[in-house]
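S.K.: Heads up: the sequence lines are chains A and B, in that order.
Read left to right, the first sequence gives residues 237 to 381 (the numbering used here).
Read left to right, the second sequence gives residues 237 to 381 (the numbering used here).
Here's a structure for you.
There are 2 protein chains.
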Amino acid sequence: MPHNTTEINQRLRKSGYRVTPQRQLILDAVCQLGEHVTPESVYDHVHRTAPTLSRATVYRVLHFLTEQRILTMVHMADGRLAYELAGPEPHHHLVCRTCDSLLELPHSVLRSFRRAMDSQYDFEIDVSHVSFFGHCTDCRNSAGA
Amino acid sequence: MPHNTTEINQRLRKSGYRVTPQRQLILDAVCQLGEHVTPESVYDHVHRTAPTLSRATVYRVLHFLTEQRILTMVHMADGRLAYELAGPEPHHHLVCRTCDSLLELPHSVLRSFRRAMDSQYDFEIDVSHVSFFGHCTDCRNSAGA
DNA sequence: AGCCCTGCTGCGAAAATTCGCAACAAATAG
DNA sequence: CTATTTGTTGCGAATTTTCGCAGCAGGGCT
Numbered sequence: 237m238p239h240n241t242t243e244i245n246q247r248l249r250k251s252g253y254r255v256t257p258q259r260q261l262i263l264d265a266v267c268q269l270g271e272h273v274t275p276e277s278v279y280d281h282v283h284r285t286a287p288t289l290s291r292a293t294v295y296r297v298l299h300f301l302t303e304q305r306i307l308t309m310v311h312m313a314d315g316r317l318a319y320e321l322a323g324p325e326p327h328h329h330l331v332c333r334t335c336d337s338l339l340e341l342p343h344s345v346l347r348s349f350r351r352a353m354d355s356q357y358d359f360e361i362d363v364s365h366v367s368f369f370g371h372c373t374d375c376r377n378s379a380g381a
Numbered sequence: 237m238p239h240n241t242t243e244i245n246q247r248l249r250k251s252g253y254r255v256t257p258q259r260q261l262i263l264d265a266v267c268q269l270g271e272h273v274t275p276e277s278v279y280d281h282v283h284r285t286a287p288t289l290s291r292a293t294v295y296r297v298l299h300f301l302t303e304q305r306i307l308t309m310v311h312m313a314d315g316r317l318a319y320e321l322a323g324p325e326p327h328h329h330l331v332c333r334t335c336d337s338l339l340e341l342p343h344s345v346l347r348s349f350r351r352a353m354d355s356q357y358d359f360e361i362d363v364s365h366v367s368f369f370g371h372c373t374d375c376r377n378s379a380g381a
């Protein structure tokens, strides 16, 4: 599951950036921690092996890796941000405002919608990740009761 | 432009909540400040006439009014949250990740997409507001250069 | 009127996030 | 090989956002 990060490293270097131990550690942490990892969880994870690595660096590197399209931002229901590895085939989320659950959505469901936005508004929707907020089956049912 | 808030007040009272001076002031501030108002701008605005009103209350009231579907959360490109009045006819945003500009989208463009999500995933996407992130015409063009 | 009950707020502390700056380290030029 | 440049980090402070708790206040009840 932990993708080979050497490919990513090369990509970064080719763009003129450096692959520092800190960035390596943080990227590894995100790979290991999985689906939607918070800055705090990354910090906790990384801090064990690198106690001097600061929180500020965690935030900066997460932001940086997102700009480089290696990670994607995930909006949680409470407005906080999480991150995850940007796979080659992007996927999207349905976020339940009531129970905070995440439902994964294949990229295909967005394809036609993206095309429409592109032609009608000349706006290219970010392929990497989109979050929709709403209410899942369970919460709709229990709300009705 | 500042919608008559008495209707909103009645709605709140009917649900068993109170319309306090603080809530009134904050709601008025959002109405006046317009499109995508930040907690800080609300605080600044309100603080002039009510110096004792605390920041915590601003955050709590904005959150509260969002739960009551009187306001909607707007995700900005940097991940921060803003708020705006939830009109009867919702609209959505295309947020440019490069220049932070907001483009408004009529609700109609989402209708069929919502229906599809509903039938395929039994997930009801929040009608009030959706943000899409991506890149606008101008930034696409200048990036190509 | 007086008494509960509960909702709301203010306060101050905590937690989360960002910022500025000085020091460091890697890449590059001379 | 040294000097310069530029990217990156750590630190601590500032800013933003949340939290817990004690106290106030409005609405319902008698």
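Glycine residues also receive a C-beta, built at the ideal position from the N, C-alpha and C atoms.
Using a C-beta to C-beta distance shorter than 8 Å, which residues of chain B count as neighbours of L330 (chain A)?
M.R.: As a working mapping, residue 330 (chain A) is identified with position 94 in the first sequence. Per Cβ cutoff of 8 Å: M353, Y357, F359 and I361.
S.K.: Straight-line CA distance for H329 (chain B) to I262 (chain B)?
M.R.: Residue 329 (chain B) sits at position 93 when you count from the first residue of the second sequence. Residue 262 (chain B) sits at position 26 when you count from the first residue of the second sequence. Taking the straight line from one Cα to the other gives about 23 Å.
S.K.: On the DSSP bridge list, what partners appear for Y319 (chain A)?
M.R.: For this step, residue 319 (chain A) is matched to residue 83 along the first sequence. BP columns for Y319 (chain A) point to A:V273 and A:M309.
S.K.: Quick one: give me the first and last residue of the alpha helix (DSSP H) that L248 (chain B) is part of.
M.R.: Reading the second sequence from its first residue, position 12 is the one you call residue 248 (chain B). Element bounds for L248 (chain B): T241 to K250.
S.K.: Check the C-beta distance from A352 (chain A) over to V363 (chain B) and give it rounded, since I have them as a contact under 8 Å.
M.R.: Indexing the first sequence from 1 puts residue 352 (chain A) at position 116. Indexing the second sequence from 1 puts residue 363 (chain B) at position 127. Not quite, the Cβ-Cβ distance comes to about 19 Å (not below 8 Å), so this is no contact.
S.K.: Checking 9 Å against the spacing of the C-beta atoms, do L339 (chain A) and F349 (chain B) come in under that value?
M.R.: Locating residue 339 (chain A) in the first sequence gives position 103, counting from the first residue. Locating residue 349 (chain B) in the second sequence gives position 113, counting from the first residue. No, Cβ-Cβ distance for L339 (chain A) and F349 (chain B) is not below 9 Å.
S.K.: Just how far apart, CA to CA, sit G380 (chain B) and C332 (chain B)?
M.R.: Residue 380 (chain B) sits at position 144 when you count from the first residue of the second sequence. Residue 332 (chain B) sits at position 96 when you count from the first residue of the second sequence. Confidence at G380 (chain B) is low in this model, with a pLDDT of 49, below 50, so the placement of that residue is unreliable and no value is reported for it.
S.K.: Work out the CA separation of H283 (chain B) and R291 (chain B) for me, nearest whole Å.
M.R.: Position 55 of the second sequence, counted from the first residue, corresponds to residue 291 (chain B). Position 47 of the second sequence, counted from the first residue, corresponds to residue 283 (chain B). Each residue's alpha carbon lies about 9 Å from the other.
S.K.: Which ranges would you report for the beta strand (DSSP E) in the stretch 325-353 of chain A if only whole runs of at least 3 residues count?
M.R.: 327-332 and 338-342
S.K.: Give the straight-line distance between the Cα atoms of A265 (chain A) and V297 (chain A), rounded to the nearest whole angstrom.
M.R.: Here residue 265 (chain A) refers to the residue found at position 29 when the first sequence is read from its first residue. Here residue 297 (chain A) refers to the residue found at position 61 when the first sequence is read from its first residue. Cα to Cα, the separation comes out at about 12 Å.
S.K.: Taking E271 (chain B) as the reference, give the member of B:D354, B:P257, B:R347 and B:H327 with the closest Cα.
M.R.: For this step, residue 271 (chain B) is matched to residue 35 along the second sequence. Of B:D354, B:P257, B:R347 and B:H327, the residue nearest in Cα terms is B:H327.
S.K.: State the CB to CB distance for the pair T274 (chain B) and A318 (chain B), rounded to an integer number of angstroms; the pair is presumed to be in contact (CB under 8 Å).
M.R.: By 1-based counting over the second sequence, the position of residue 274 (chain B) is 38. By 1-based counting over the second sequence, the position of residue 318 (chain B) is 82. Yes, T274 (chain B) and A318 (chain B) are in contact; Cβ-Cβ is about 5 Å, under 8 Å.
S.K.: What residue does the beta strand (DSSP E) around H371 (chain A) start on, and which one ends it?
M.R.: For the purposes of this step, residue 371 (chain A) is taken as the residue at position 135 of the first sequence. It spans S367 to H371 - the beta strand (DSSP E) in which H371 (chain A) sits, taken as one unbroken run.
S.K.: Would you kindly work out how many angstroms separate the C-alpha atoms of Y295 (chain A) and Y279 (chain A), rounded to a whole number?
M.R.: Walking along the first sequence from the start, residue 295 (chain A) turns up at place 59. Walking along the first sequence from the start, residue 279 (chain A) turns up at place 43. So the alpha carbons of these two residues sit roughly 9 Å apart.
S.K.: Counting C-beta neighbours from all protein chains within 10 Å, is the total for C335 (chain A) 16 or more, i.e. buried, or is it exposed?
M.R.: Counting from 1 along the first sequence, the entry for residue 335 (chain A) is found at position 99. With fewer than 16 Cβ atoms within 10 Å of its Cβ, C335 (chain A) is classed as exposed.
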